[in-house]
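Note that this note's numbering numbers the sequence shown so that position 7 is 40, with each residue one more than the last.
Note that the Cβ used here is the ideal one computed from N, Cα and C, for glycine as well.
This one's a predicted model, so the numbers in the text were calculated from it and none came from an experiment.
Data block below; observations after.
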Amino acid sequence: MKSLEEIRSEVDRMASVIGASDYAYLPTYGSSRDGAHPHIEVYSTAYHWVVVERGHERDRFSTTEFDALLERVFTSVTFGLATAYELAHRVEPTDCRRLIFQHQIELLSLLSPSWAQAEAERHVRILRSHPFDDFSGVRASFTRELRESGSAPDIAWQTACHRYPLPE
């Protein structure tokens with residue numbers, strides 16, 4: 034088992050590779066600062082990536098594999114970075130996940146091709162259940178306009194879906 038200081042050193046080194054050295058959501062070590070900020074714990078048998086929010090544990094990932102811990106850390110970090118990137122480079126009316134997923138895979142690829150591949154496979158599973166919807170924002174705005182003009186909510190929604198079809 035690596036110590037918290039050894040883990041911090043490797044996380045800091047890898048964060049610098051993707052330009053995240055000063056990223057606010059790099060984990061803390063040994064204890065939580067709460068607010069859904071992740072932290073890392075080490076016990077004699079396992080590493081733990083833990084998220085605590087309002088004093089309650091929201092998520093815990095435990096592993097004996099150091100690489101798996103790093104993958105969990107950087108899957109989270111790269112998602113946050115990719116989300117910020119999408120916000121700064123938004124393309125309307127495109128589904129924001131298109132850019133988020135692409136950028137996250139690019140960042141993970143700089144750290145580990147196998148992590149990038151595993152995350153790309155998770156993205157595919159997400160999209161099977163929840164396909165890209167490039168018109169969701171336009172459809173919602175049009176529905177609101179129709180409702181504000183006096184259309185019944187269900188008629189407004191049906192009209193908006195007819196003009197901007199839902200994904201298949």
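Exposure of leucine 199 is indicated by the presence of fewer than 16 other C-beta atoms within 10 angstroms of its C-beta. Going by DSSP, serine 162 is part of the alpha helix (DSSP H) stretching over 146-162.
Between glycine 88 and isoleucine 73, the alpha-carbon positions lie close to 16 Å from each other.
DSSP, read as helix, strand or coil, puts aspartate 167 in coil.
DSSP links serine 95 through a beta bridge to His81. In the structure shown, histidine 136 adopts helical secondary structure according to DSSP, grouped into three states. With a cut-off of 8 Å on Cβ pairs, the segment 146-154 is not in contact with the segment 113-127, counting fewer than three such pairs. Judged by DSSP in its simplified three-state form, valine 106 adopts helix.
Taking the Cα positions, phenylalanine 107 is about 27 Å away from aspartate 166. Per DSSP, histidine 72 is one residue of the beta strand (DSSP E) stretching across 70-76.
Counting only residues of its own chain and dropping the five nearest sequence neighbours on each side, serine 54 has a CB closer than 6 Å to the CB of Ala48.
Separation of the CB atoms of leucine 144 and valine 50 is rounded to 6 Å, and the pair is thereby assigned contact status at 8 Å. Taking tyrosine 80 as reference, the option from Glu98, Arg66, His70 with the minimal CA-CA separation is Glu98. Rounded to whole angstroms, the separation of the alpha carbons of arginine 172 and aspartate 128 is 12 Å. Straight-line measurement puts the Cα of glutamate 201 at about 26 Å from the Cα of serine 184.
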